[in-house]
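Residues in the sequence shown are numbered consecutively from 4, following our numbering. In what follows, a structure is listed as C-alpha cells, so that the remarks can point back to it.
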Amino acid sequence: MTSLQHLKEAGVNFLAVDFDLTLVDTHTEGRWPGTAPELLRHVRPEMRQLLRDALDAKLYVAIVTLSPQTTLIREVMRLLFPQDFQLIIIRGNSGDWFYAGQGSLRGKQSHIASAVEELSHAHAAQISRGSTLLIDDDAQNINDALANGVSALLFVPADPSCVARGIAALAQSPA
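Below is the structure:
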C-alpha cells in the first residue's frame, strides 16, 4: 500500500508540510541568498513524490514555515509543480496573512488554521483537525499540533523513509 493510500485510509485530506529541513535538505534560516532553481536542487525526492501524489489525489496541500521568504518558496513550488503550484497554500512569517480564529497560536497552528480558512473559502473545503497531517522536523511543532488534535509526524532528516513509515502507522491507528 502506498503512502497516499495510507493517508486516505487515515482520513487525511489536508497535508501541511514544513519547508526548511523537511521539504528541502537545508536550513535557509529565512535568508536564502540564491535563486529558486538553486534551492530546487535541495528538494528531497521522497517529499516531492509525496506532494505530487497528494496533489494528484486532490488532497489539499500547504507549506507551513517560519521563513519570511514566501515568494521564493512559491517560486520553488512553481518549478516543482508547474501545472498545480497555485493549489498549494504557502504560510510563512511574511506578514501577508492573518489568523483571527480562536485556535492555538503555538508553533505552526496559526499557519495551518489560516491555510484551512483560505481553502474553506476558496474551495468549500471540509477540513478538520482530524483530517489534517503536519509533517515537520521540529519536535515542538509536532507536540503543539498533537496537543491541538492535529495529526503530526516528526520528519527525521537522517531517516527520510520515516514519513512513509509514519503515514503507514497513522493508517493503522484507531480513530
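We put the CB at the ideal spot given by N, CA and C, even for glycine.
Selected residue, minimal CA-CA separation from L26, among S176, Q89, P163, R168
The candidate whose alpha carbon is nearest that of L26 is P163.
Assigned secondary structure, R34 (DSSP; H/G/I helix, E/B strand, else coil):
coil
Comparing C-alpha positions only, which one of T74, V67, L18, P48 sits nearest to R34?
Looking at the Cα atoms, T74 is the closest of the given residues.
May I ask which residues mark the beginning and end of the alpha helix (DSSP H) holding V180?
Past the edges of the chain, shown from 4 to 178, lies residue 180, and the structure says nothing about it.
Exposed or buried, T38, counting other C-beta atoms within 10 Å across all chains shown (16 or more means buried)?
exposed
Excluding the 5 residues preceding and the 5 following N144 in the sequence, name in chain order all residues of the same chain whose CB lies nearer than 8 Å to its CB.
Here the set comprises D21, G110, K111, L137, A155.
So for S134, helix, strand or coil by DSSP?
helix
Continuous beta strand (DSSP E) stretch holding V67: start and end:
63 to 67
Do L18 and L62 have their beta-carbon atoms positioned less than 8 Å apart in this structure?
yes
Is S107 helix, strand or coil when you go by DSSP?
coil
I'd like to confirm the pairing. Which residues does DSSP put opposite V46 in its beta bridges?
V27
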